[in-house]
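Working notes, beginning with the structure itself.
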Amino acid sequence: MSLNSPAPLSEPKQLASDEEYNSWLKSLGHVKYNDDWIPLPISSDQDARLRITALSLGSLDMEKHYIAYEEEPSHELLHLPDYGFIIEREVDGKVVNRVLFDLGLKQVDQPMKEAYKKSQEKFRAKTGKSAPELLQDELKLSLEQIDAVILSHTHFDHIGDLTQFPASVELVLGADSPSGQELAEQLDVPMSCLEARTVRILNREKDDWVKIGAGWSAVDYFGDNTMLLLHCPGHYKGHIAALVQHSPNNWLIFGGDCCHLHTQLKDVKIGVFPSFGNQKRFTTLDYDIEDAYISLSRLSRMEQEKNILVFIAHDELLHKHMNSQGQVTRLAGDEKEFNRLKASVS
Ligand SMILES: [Zn+2]
Numbered sequence: 001m002s003l004n005s006p007a008p009l010s011e012p013k014q015l016a017s018d019e020e021y022n023s024w025l026k027s028l029g030h031v032k033y034n035d036d037w038i039p040l041p042i043s044s045d046q047d048a049r050l051r052i053t054a055l056s057l058g059s060l061d062m063e064k065h066y067i068a069y070e071e072e073p074s075h076e077l078l079h080l081p082d083y084g085f086i087i088e089r090e091v092d093g094k095v096v097n098r099v100l101f102d103l104g105l106k107q108v109d110q111p112m113k114e115a116y117k118k119s120q121e122k123f124r125a126k127t128g129k130s131a132p133e134l135l136q137d138e139l140k141l142s143l144e145q146i147d148a149v150i151l152s153h154t155h156f157d158h159i160g161d162l163t164q165f166p167a168s169v170e171l172v173l174g175a176d177s178p179s180g181q182e183l184a185e186q187l188d189v190p191m192s193c194l195e196a197r198t199v200r201i202l203n204r205e206k207d208d209w210v211k212i213g214a215g216w217s218a219v220d221y222f223g224d225n226t227m228l229l230l231h232c233p234g235h236y237k238g239h240i241a242a243l244v245q246h247s248p249n250n251w252l253i254f255g256g257d258c259c260h261l262h263t264q265l266k267d268v269k270i271g272v273f274p275s276f277g278n279q280k281r282f283t284t285l286d287y288d289i290e291d292a293y294i295s296l297s298r299l300s301r302m303e304q305e306k307n308i309l310v311f312i313a314h315d316e317l318l319h320k321h322m323n324s325q326g327q328v329t330r331l332a333g334d335e336k337e338f339n340r341l342k343a344s345v346s
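Structure below.
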């Protein structure tokens, strides 16, 4: 069910009536995803490993009813961190690829289009250093050392400021993402910023898709099965997640905005429609609620595996367990760390 498209960016939507909500619930009876587990691929290059660094790129404080179940309306605020990630692929201890997954919020004091300014104000955005500042100041990297920026989707709290990256940095988006002028508007950048660089939008026909895990269609990004981009529609057009190898037999999924609270991986309907208590306010942040339901169901199935952990972009639960010092957390990438993080959400 597509809600009166096109969805305005980050504007919560409401179903008009009980009937509309009930018909959605009924339709879920026909919604199916592949229940058969398809084993995850094995890395084809035994000398390759990924190093993952989490970047805390601001936060939002949102009224609870946008993202969580409430019996009664309240003005309680939920604090949501906003994560991006650096993924470095090392072969024989040498970094051969370096990409970013999501750029978080644009700095609150930077110029931005009116709609984004309003969204930032409405959700009480706060920002510290941007991803480019952290790369240069804290990690002593030049921006030329970044191969690509991969965006889970093009909402205001994930796109950062692409103009800060040199033209050598490729932009990668999921299948069905907007392109051309529409993309430039959504990223709040001039067309020249896109024309100057390679923009790769995954393609249903041209890319090589494999089926994995809970029935995902995936693209093997590095060509050695260490990182797969998962077609994950629903929250927004072209939404993707990334399955990345954390340690030899353990995986993280960067789940973007498939849901906004980790607990919703156990309660998928509330993940799609946060409020359906006595108030009957069926609010959703998702663009296509059936697709969102399927994607979140798949993610929930993945999280049931002992060796898979989902990091959603606004994961407050994980935030507390990252031993975060400042904005940059470099993951150790060993079994012990994976087990500690997994235990923190079970
Ligand atoms: Zn978000």
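Going left to right, the sequence shown walks through residues 1 to 346 as our numbering numbers them. For every residue, glycine included, the Cβ atom is placed at its ideal position computed from N, Cα and C. These numbers were taken from a predicted model, which means no experiment stands behind them.
Helix, strand or coil: which one does DSSP assign to residue 6?
Bear in mind that a pLDDT of 34 at residue 6, under 50, signals an unreliable position, so the number given afterwards is only what the model happens to contain. In the structure shown, the three-state DSSP call for residue 6 is coil.
So is residue 87 buried or exposed if we call it buried at 16+ other beta carbons inside 10 Å?
Looking at its Cβ environment, which holds 16 or more other Cβ atoms inside 10 Å, residue 87 is buried.
Below 8 Å between beta carbons: does that hold for residue 338 and residue 217?
no
At the level of alpha carbons, what is the spacing between residue 254 and residue 343?
18 Å
Can you determine whether any heavy atom of ligand 3 sits closer than 7 Å to the C-beta of residue 188, and answer yes or no?
Absence of ligand 3 is noted for the structure shown, with ligand 1 being the only ligands found.
Here's the rule I'm using: 16 or more other beta-carbon atoms within 10 Å means buried, otherwise exposed. How should residue 346 be labelled?
exposed
Note down the Cα distance separating residue 6 from residue 105, rounded to an integer number of angstroms.
With a pLDDT of only 34 at residue 6, under 50, the local geometry of the prediction cannot be trusted, and no value is derived from it.
Run the CB neighbour count on residue 182, radius 10 Å, all protein chains shown included, and call it buried at 16 or more, exposed below.
Residue 182 should be labelled exposed.
Which residue wins for smallest C-alpha separation from residue 202, given the options 330, 252, 171, 250?
171
Can you list, in chain order, every residue whose CB sits closer than 5 Å to a heavy atom of ligand 1?
Going along the chain, the residues that qualify are 157, 257.
Residue 205 lies in the beta strand (DSSP E); which residues open and close that run?
Counting along the chain, residue 205 falls outside any beta strand (DSSP E), and DSSP gives it neither H nor E.
Can you check whether the CB of residue 67 is closer than 8 Å to the CB of residue 77?
No.
Evaluate the contact criterion for the region 134-149 versus the region 158-165: three or more CB pairs, one atom per stretch, below 8 Å.
yes
Run through DSSP, which three-state label would residue 287 get?
coil
Between residue 98 and residue 41, what straight-line distance do the alpha-carbon atoms span, to the nearest angstrom?
21 Å
Can you give, in chain order, each stretch of the alpha helix (DSSP H) that sits fully within the region 146-198 and has at least 4 residues?
180-187, 191-195
Could you spell out where the beta strand (DSSP E) holding residue 119 opens and where it closes?
Where residue 119 is concerned, there is no enclosing beta strand (DSSP E), although the alpha helix (DSSP H) it sits in stretches over 114-122.
Does the region 54-70 touch the region 316-334, meaning 3 or more C-beta pairs lie closer than 8 Å?
yes
For residue 174, which option in 240, 126, 185 has the closest C-alpha, if you only look at C-alpha atoms?
Of the candidates 240, 126, 185, the one whose C-alpha sits nearest the C-alpha of residue 174 is 240.
What's the C-alpha gap between residue 158 and residue 83?
8 Å
For residue 268, collect the residues of the same chain with a Cβ closer than 6 Å to its Cβ; drop the 5 residues on either side in sequence, then sort them by chain order.
296, 297, 300
Between the region 304-315 and the region 258-267, are three or more C-beta pairs nearer than 8 Å?
yes
Would you mind sorting residue 264 into buried or exposed? The rule is 16 or more other CB atoms within 10 Å of its CB.
buried
Would you say residue 80 and residue 316 are within 8 Å of each other, going by their C-beta atoms?
In this structure, the beta-carbon distance from residue 80 to residue 316 falls below 8 Å.
Could you tell me the distance, in whole angstroms, from the CA atom of residue 111 to the CA atom of residue 126?
15 Å
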